[in-house]
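Residue numbers (the working numbering): 264 to 334. Input: a single structure, listed below in structure tokens.
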Amino acid sequence: MFEILLGIAIGVVLMTFLLINYVQLTIENLDFAKNYYSFKRSSPFVQVDDEKVERWEQKYVTLFADPPENE
Numbered sequence: 264m265f266e267i268l269l270g271i272a273i274g275v276v277l278m279t280f281l282l283i284n285y286v287q288l289t290i291e292n293l294d295f296a297k298n299y300y301s302f303k304r305s306s307p308f309v310q311v312d313d314e315k316v317e318r319w320e321q322k323y324v325t326l327f328a329d330p331p332e333n334e
């Protein structure tokens, strides 16, 4: 019985660690993509569809934006 509980506890710790890393990598990838699109937008040699970028920013960047301050 002790071995089963120990195995469950180790599994919970491992899955929590993996979930935290996944969320951290997702946030880093969103920051990278935001910087990448802003770089492409400022480049004179690359055509970027501003409408697609705005939709992307509304969908993903505001997901991790700071919450509004209460007045």
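The beta-carbon is built from N, C-alpha and C at its ideal position, and this holds for glycine as well. Quick caveat, the model's predicted, so the values are computed rather than measured.
Residue i in three-state terms, based on DSSP
i: Met-264; result: coil
Residue i Cβ short of 7 Å to the ligand HEM heavy atom set
i: Thr-289; result: Within the structure as shown, the ligand HEM is missing, as the structure has no ligands at all.
Contact with chain B by residue i, beta-carbon distance below 8 Å
i: Ile-267; result: Among the protein chains of the structure shown there is no chain B, as only one such chain exists.
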